[in-house]
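Protein chains: 2
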Amino acid sequence: MIRIAIDVMGGDFGPDVAIPGAAKALERHNDVTFLLYGQKSKCDPILAQYPALREKSVFHDCEVSVSMDEKPSQALRRGRYVSSMWRAIEAVKLGEADVAVSAGNTGALMAMAKFCLRTMARVERPAIAGIWPTLKGESIVLDIGATIGADSQQLLDFALMGGAMARALFDIDRPTVGLLNVGVEEVKGQEEVREAGRLIREADLATIDYRGFVEGDDIGKGTVDVVVTEGFTGNIALKAAEGTARQITTLLREAISRSFFAKIGYILAKSAFDVLREKMDPRKVNGGVFLGLNGIVIKSHGGTDAIGFASAVDVGYDMVHNGLTAKIENDLKIYHARRLPPPAPEALVADEE
Amino acid sequence: MIRIAIDVMGGDFGPDVAIPGAAKALERHNDVTFLLYGQKSKCDPILAQYPALREKSVFHDCEVSVSMDEKPSQALRRGRYVSSMWRAIEAVKLGEADVAVSAGNTGALMAMAKFCLRTMARVERPAIAGIWPTLKGESIVLDIGATIGADSQQLLDFALMGGAMARALFDIDRPTVGLLNVGVEEVKGQEEVREAGRLIREADLATIDYRGFVEGDDIGKGTVDVVVTEGFTGNIALKAAEGTARQITTLLREAISRSFFAKIGYILAKSAFDVLREKMDPRKVNGGVFLGLNGIVIKSHGGTDAIGFASAVDVGYDMVHNGLTAKIENDLKIYHARRLPPPAPEALVADEE
């Protein structure tokens, strides 16, 4: 049985999306139970419409909800211990749930998750991994916003954790991994990326197949299973790509609506548009996975609908089902066991004893 | 008369694209002459097919061509003073041409342009500005690959130069400018961006209308006329967006080819697809503008065709026609004249005298 804790109040629509979303996910999975955290008075009437979900869940009344525009520090001050967001995460910490899902604001969610679950031993900073639709299927891109300006060792950690996630999500033995870089040769300032490339190559990890640098357009091509970058660039690349997809859809819709024949054509070609929509549907790849914490937290898009929220719950389910945390811990252990001890004098002395 | 120097050997196809491209641009502009730099034996037969162009141009034979995979340092060593790329740029320096256009490799072109033209007084590092199709028309995005990891003062320079370019290109008095940032509040490491925001606001520039931070998806929306970021993020955002556009086109083509009715529909809706293709055509917005040098250099996509190369020539034409360099110099002068002297002790003493 997989136990999923849900911050019902998170996101632009709170329980109006989270409850039907969880209900939808439940239809796909027989082996789940839910712990729902939210304001009882607001949730009860909605939950009443989903008896199957109500039967499989335990509701926890939380008076405090974190709002979408609250700053992380403010959210922590106001919502620690008491908010629906905190309590969903805490359920993972206490071992009452296997994963927490929230559509709440990313900054607050990450701050609470870090504070509550703590970063894994030997991981310096967490990452958020996104699932990106590509020409070959799907790839994982990380970090998409948790760690701004990662150094080379952190990028190696991301490669390792992203690889573990790819194994959990795509069921492949040795996912291919690329470091996001620019093609321009005349370059100063990306020493971290070059250095990370060197570190990853030298580490010769058994769990990933490192393929070197990739460029921005390689993401959509699906050149590698896992694309590694720091959070500033990752977040902007993701949003630039989302923006382009929306832009093309809008332009096409406008162009079609302007001509009678185009409208007829659209109806005839609808199957093709449906395939495209299905493949590029952002709701289908909803669910950013927080990596590097002692527990799994899934961030759903704040503005998504029930279908999107259900996808985020699915991602959480898959991550638990396929043992993401154990995989990451295992990979970290192997990497660090093979690593040379740091050149601190005490360590050298201790080694000689 | 606008005099355009062309590195005919640059790009994946050299004179096969550059010569017909220049000829196409000539059809649109009566008031241009060309200085063509290339290998005479290779160019002569092609040029013979474009008598109108041949009449309006002076050909300069150059034995050395910079190849597409040459490293900047290598290109400089081998091609300085003698290559078609160098000599096209040098024509600008010598005042024989108003602008140089090349489809050669970006790193080498930037290295040669910097070496030959030098950076403008009071500009620390140059930028490459790209033209990005948006829902509202076009925006300028810079830097897309010249300066990796710009600091706050450099970002301010970019805002100022991008603003000047927007005035030259779009014919607006006071273009809107945004700094590319991530929406996540929980953030460390983007101090340069925040600091740049503060600097730009304080500078209270008459030539631009600073609108604060924008996110990745604001680029495609056309939220601002000029989007400012450092070269690593800018390059990756641009390529991620291009990759997404190609991905959608490919998926749609595949989906349409799979169904008979969809094929018919496509034919009926062709006018709509043509509008879309026209609006998103990367060839129409081809031409990265090097900003911050003592002279104008335009970088065309290396893999483009004659239509694309002609667009790059057009961009060069517009920049000269609308006085880009004078606009940038003017804006820099105004900004620096109003700026407080740096708080060096000598300056403070001088102030008290």
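Protein sequences, first through last, are from chains B and H. Position 88, counted from 1, in the first sequence is what UniProt numbering calls 88; the numbers after and before it change by one each time, with no gaps. Position 110, counted from 1, in the second sequence is what UniProt numbering calls 110; the numbers after and before it change by one each time, with no gaps. The beta carbon of each residue, even a glycine, is placed where N, CA and C say it ideally should be. From a predicted model like this one, the values you see are computed outputs, not experimental measurements.
Check	Outcome
What's the C-alpha gap between residue 178/B and residue 231/B?	15 Å
Which residues of the region 99–117 of chain B have a Cβ closer than 7 Å to any Cβ of chain H? Give them in chain order.	106, 107, 110, 111
Kindly say whether residue 329/B, judged by its beta-carbon, lies nearer than 7 Å to any beta-carbon of chain H.	no
Which first and last residues belong to the beta strand (DSSP E) in which residue 5/H is found?	2–7
With a CB to CB cut of under 6 Å and the five nearest residues on each side skipped, what residues in its chain are close to residue 142/B?	127, 129, 158, 162
In chain order, what residues of the region 211–229 of chain B put their CB closer than 8 Å to some CB of chain H?	215, 216, 217, 218, 219, 220, 221, 229
Am I right that residue 375/B and residue 85/B are in contact with their C-beta atoms under 8 Å? What's the rounded C-beta distance?	Beyond the ends of chain B as shown, which are 1 and 353, falls residue 375/B; an answer cannot be given.
Residue 91/H and residue 11/H: beta carbons closer than 7 Å?	no
Please tell me whether residue 291/B and residue 227/B are closer than 7 Å, where the distance is taken between their beta carbons.	no
I need the boundaries of the beta strand (DSSP E) containing residue 100/B, first residue and last residue.	99–102
Measuring straight from C-alpha to C-alpha, what distance separates residue 199/B and residue 98/B?	33 Å
Does any residue of chain H have a CB that is nearer than 7 Å to the CB of residue 252/B?	yes
For residue 171/H and residue 209/H, I'd like the C-alpha separation in whole angstroms.	14 Å
What are the uninterrupted segments assigned as beta strand (DSSP E) that are 3 or more residues long and contained completely in the region 95–182 of chain B, given in chain order?	99–102, 127–134, 137–142, 176–180
For residue 205/H, does the three-state DSSP call read helix, strand or coil?	coil
So residue 252/H packs on residue 276/B, CB below 8 Å; how close in whole Å?	5 Å
Is residue 147/H a contact residue of the ligand PLP, with contact defined as CB to any heavy atom under 6 Å?	With respect to the ligand PLP, the structure offers nothing, as it holds no ligand at all.
Would you identify the three-state DSSP class for residue 325/H, choosing helix, strand or coil?	helix
Cβ of residue 219/H within 7 Å of Cβ of residue 241/B?	no
In the DSSP assignment, what are the bridge partners of residue 83/H?	64/H
Suppose only complete runs of 4+ residues qualify. What are the alpha helix (DSSP H) ranges in the region 223–297 of chain B, listed by chain order?	231–257, 260–268, 270–280
State the DSSP-derived secondary structure class of residue 57/B, mapped to helix, strand or coil.	strand
Measuring straight from C-alpha to C-alpha, what distance separates residue 4/H and residue 271/B?	49 Å
As a quick exercise: from 233/H, 229/H, 37/H, pick the residue whose alpha carbon is nearest that of residue 215/B.	233/H
Between residue 125/H and the rest of its own chain, which residues show a CB-CB distance below 6 Å, the 5 nearest in sequence each way excluded?	147, 154
Taking 7 Å as the cut-off, decide whether the C-beta atoms of residue 261/H and residue 268/B are in contact.	yes
Would you mind working out which of 191/B, 298/B, 243/B, 160/B sits nearest residue 334/B, comparing C-alpha positions?	160/B
Compare the C-alpha of residue 331/B against each of 312/B, 120/B, 279/B and name the closest.	120/B
What separation, rounded to the nearest whole angstrom, lies between the Cα atoms of residue 222/H and residue 94/B?	47 Å
In the DSSP assignment, find the alpha helix (DSSP H) that holds residue 21/B and state where it starts and stops.	15–28
Which bits of chain H does residue 259/B rub up against, with CB to CB less than 7 Å?	271, 272
Please name the residue or residues paired with residue 33/H in a DSSP beta bridge.	3/H
Classify residue 318/H: buried if its beta carbon has 16 or more other beta carbons within 10 angstroms, exposed otherwise.	buried
Do we get a CB-CB distance below 7 Å when we pair residue 276/B with the residues of chain H?	yes
How would you call residue 30/H, buried or exposed, if buried means at least 16 neighbouring beta carbons within 10 angstroms?	exposed
In angstroms, rounded to a whole number, what distance separates the CA positions of residue 35/B and residue 173/B?	33 Å
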